[in-house]
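Same order as they appear, the protein sequences are chains A and B.
Mapped onto the working numbering, the consecutive letters of the first sequence carry residue numbers 29 to 225.
Mapped onto the working numbering, the consecutive letters of the second sequence carry residue numbers 9 to 87.
Even glycine gets a Cβ: it sits at the ideal position worked out from N, Cα and C.
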Amino acid sequence: MRKDERQLIQQLISGDQQAFTLVVSDYHNIMLSVARAIAGNVFADDVVQDAWISAIKALPKFEGRSSLKTWLLHIVSNGAKTRIRRESRSISLDDGWESVAADKFDQRGHRYDDVYTWDIATPDALLANEQLQAIIEAAFQQLPAMQRAALTMYDLEGIKMNDICNILDISSSNARVLLHRARTTIHHCIEQYQDNH
Amino acid sequence: MRQCKDIAEEASNYINGDLPFAERMGLFFHLVLCKCCRNYLQQIRQSISTLAMIKPQEQSSIDKDELAKQLHDLCHKHD
Numbered sequence: 029m030r031k032d033e034r035q036l037i038q039q040l041i042s043g044d045q046q047a048f049t050l051v052v053s054d055y056h057n058i059m060l061s062v063a064r065a066i067a068g069n070v071f072a073d074d075v076v077q078d079a080w081i082s083a084i085k086a087l088p089k090f091e092g093r094s095s096l097k098t099w100l101l102h103i104v105s106n107g108a109k110t111r112i113r114r115e116s117r118s119i120s121l122d123d124g125w126e127s128v129a130a131d132k133f134d135q136r137g138h139r140y141d142d143v144y145t146w147d148i149a150t151p152d153a154l155l156a157n158e159q160l161q162a163i164i165e166a167a168f169q170q171l172p173a174m175q176r177a178a179l180t181m182y183d184l185e186g187i188k189m190n191d192i193c194n195i196l197d198i199s200s201s202n203a204r205v206l207l208h209r210a211r212t213t214i215h216h217c218i219e220q221y222q223d224n225h
Numbered sequence: 009m010r011q012c013k014d015i016a017e018e019a020s021n022y023i024n025g026d027l028p029f030a031e032r033m034g035l036f037f038h039l040v041l042c043k044c045c046r047n048y049l050q051q052i053r054q055s056i057s058t059l060a061m062i063k064p065q066e067q068s069s070i071d072k073d074e075l076a077k078q079l080h081d082l083c084h085k086h087d
């Protein structure tokens, strides 16, 4: 366990209010992302609140075999799975996906149209454009929950693929497909913007 | 011989380094020959970097300060 994390856990156990504010601020949204991916929007808030309570009660027993973030995500994942079992619901992995547009390729798999480098090319330049930033943000929010969770954990939080599979209870190939679909959607929205401006 | 469509389908796995060696080399040789696919892969990388800089968050209506306070109080109750 990292030293700063051990210290944070000690502060939580000893009841330091600032430590609680910090962990909720850092981890609540990603926990919500996992809960929505597994249990759906309707139950997600409840699942995350229950997960926080379970985690706080179990903190003194936390052994640090994973990071605090991964541990919290496992708790929320287990809670979400229990909840959907109880509600007899299942969430589709494939909602909202359009496959790679077949009309972009000829019969031999070659592209019809050339792909050029973007006019607005660096992440900094992309970010400087407020309209584009809003479009990317909106595209992210509209991703199906499973894709959003996979993208958040892998590309934004740096969580390992194995952990993502365990947390979302999906196979490695499913996790990779979800990540690819999410990235492709984000790419597509930037591409459309570049084409139109 | 790998084609543009294969690059489009395997772009994420290629970037993540998640492909078996032979598969990776097949795509690599296509990339050497195809500027469009090099540009496409570069665009995907730029999309990931940009998103990581924006770091969008799950939308939530919960008051986090209030939640932190409730959890803090709960923790004290267990003392």
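- For glutamine 161 of chain A, at least one C-beta of chain B is nearer than 8 Å to its own C-beta.
- In this structure, the alpha-carbon of aspartate 71 of chain B lies about 25 Å from that of isoleucine 164 of chain A.
- By the Cβ criterion, the region 166-182 of chain A is in contact with the region 200-207 of chain A, since at least three pairs of Cβ atoms, one from each stretch, lie closer than 8 Å.
- Here DSSP, grouped into helix, strand and coil, assigns phenylalanine 133 of chain A to strand.
- With the criterion set as a beta carbon lying under 9 Å from some beta carbon of chain A, the members of the region 62-76 of chain B are Ile62, Lys63, Pro64, Gln65, Glu66, Gln67, Ser68, Ser69, Ile70, Lys72, Asp73, Leu75, Ala76, in sequence order.
- Approximately 7 Å separates the beta-carbon atoms of glutamate 18 of chain B and leucine 27 of chain B; this is inside 8 Å, confirming the contact.
- DSSP, read as helix, strand or coil, puts arginine 30 of chain A in coil.
- For arginine 211 of chain A, no pairing in a beta bridge is given by DSSP.
- In this structure, arginine 113 of chain A lies away from phenylalanine 71 of chain A, with their beta-carbon atoms at least 8 Å apart.
- Interface flag for tyrosine 48 of chain B against chain A is set, since a Cβ pair is found closer than 8 Å.
- Using a C-beta cut-off of 8 Å, the region 38-51 of chain A makes no contact with the region 61-78 of chain A, since fewer than three inter-stretch Cβ pairs fall below that distance.
- Taking C-beta separations shorter than 8 Å and ignoring five residues to either side along the sequence, the partners of leucine 160 of chain A in its chain run Ile148, Leu154, Ile218, Tyr221, following chain order.
- Just measuring C-alpha positions, the residue of A:Ala47, A:Ser199, A:Lys188 sitting nearest isoleucine 84 of chain A is A:Ala47.
- With a threshold of 8 Å between beta carbons, phenylalanine 71 of chain A makes no contact with chain B.
- By a beta-carbon distance limit of 8 Å, arginine 211 of chain A contacts isoleucine 52 of chain B. Their separation comes to about 6 Å.
- C-alpha of tryptophan 146 of chain A to C-alpha of aspartate 81 of chain B: approximately 52 Å in a straight line.
- Glycine 25 of chain B sits exposed, since fewer than 16 C-beta atoms from the chains shown fall within 10 Å of its C-beta.
- Neighbours of alanine 30 of chain B in chain A, taken as residues whose beta carbon is under 8 Å from its own, are absent, since the nearest beta carbon is some 18 Å off.
- Bounds of the alpha helix (DSSP H) holding aspartate 152 of chain A are 151-156.
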